[in-house]
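Q: Input: one structure, supplied below.
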Amino acid sequence: MELLVQRQIETDNSTVGEFSINGNFFSYSLEPTSRGLTSDMTLDQIAAIKIPDRTAIPTGRYQVTSYFSPRHQKQVPLLVDVPGYAGVEIHVGNFPQDTDGCLLLGTSKGVDEVLGSGIAIGNFYQQFFAAITAGEEVWITYQ
Numbered sequence: 004m005e006l007l008v009q010r011q012i013e014t015d016n017s018t019v020g021e022f023s024i025n026g027n028f029f030s031y032s033l034e035p036t037s038r039g040l041t042s043d044m045t046l047d048q049i050a051a052i053k054i055p056d057r058t059a060i061p062t063g064r065y066q067v068t069s070y071f072s073p074r075h076q077k078q079v080p081l082l083v084d085v086p087g088y089a090g091v092e093i094h095v096g097n098f099p100q101d102t103d104g105c106l107l108l109g110t111s112k113g114v115d116e117v118l119g120s121g122i123a124i125g126n127f128y129q130q131f132f133a134a135i136t137a138g139e140e141v142w143i144t145y146q
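Sequential numbering of the sequence shown, starting at 4, is according to my numbering.
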């Protein structure tokens, strides 16, 4: 399974984009402000720019696995080996304060928000966990 986040609208508080599965539009996405981080930066360069919990992860491609989230008390998708970050999940939420650097999905978008997150996440989790259960690798690319 190939996931894609195409970042489109950035404000001082968030980045709104489009989220695709295997090349097909699926939902809108919300993350913190990107601040221009890329996966080819050194950890020192990332640390110099990153504001904890308020900076989106670097652009790049990452493997996604299933993980038990202590915060959400259930299995969620977790991005692996994100430089300068740990615990980057894909989970429900609507506003920048809900992200802490994670990716939120929604059925519609507004300024600094995605709405219908419960529906979008529920539908995504069905596909994600079916792929994981079938032994399929899952990767996500941020552009």
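Glycine included, each C-beta is placed from N, C-alpha and C at the ideal position.
Would DSSP call ASN17 helix, strand or coil?
A: Inspection of the sequence shows that residue 17 is occupied by Ser rather than by Asn. If DSSP states are grouped into helix, strand and coil, SER17 belongs with coil.
Q: Output the boundary residues of the alpha helix (DSSP H) element that contains ASN126.
A: Segment 120-136, the alpha helix (DSSP H) holding ASN126.
Q: Taking the straight line between their C-alpha atoms, what separation do you get for PRO99 and ILE124?
A: Computed Cα separation, rounded: 16 angstroms.
Q: What are the uninterrupted segments assigned as beta strand (DSSP E) that are 3 or more residues long and contained completely in the region 51-76, given in chain order?
A: The region 51-76 contains these whole beta strand (DSSP E) runs: 63-72.
Q: Residues in its own chain within less than 7 angstroms of GLY96 by CB, not counting five upstream and five downstream?
A: Result list for GLY96: THR102, LEU107 and SER120, in chain order.
Q: Helix, strand or coil for PRO99? Go by DSSP, reduced to three states.
A: Residue state, collapsed to three classes: helix.
Q: Under 6 angstroms Cβ to Cβ from ILE122, same chain only, skipping five residues before and after it: list those, please.
A: Excluding positions up to five away in sequence, the list reads THR110.
Q: Just how far apart, CA to CA, sit PHE127 and LEU46?
A: Straight-line Cα distance between these residues: approximately 31 angstroms.
Q: How many angstroms separate the CA atom of SER32 from the CA atom of GLN146?
A: Approximately 12 angstroms between the Cα atoms of the pair.
Q: What does DSSP give as the partner residue(s) for ASN27 in the beta ladder?
A: Per DSSP, ILE24.
Q: Counting along the chain, where does the beta strand (DSSP E) carrying SER42 start and finish?
A: That residue, SER42, is in no beta strand (DSSP E); it is neither H nor E in DSSP.
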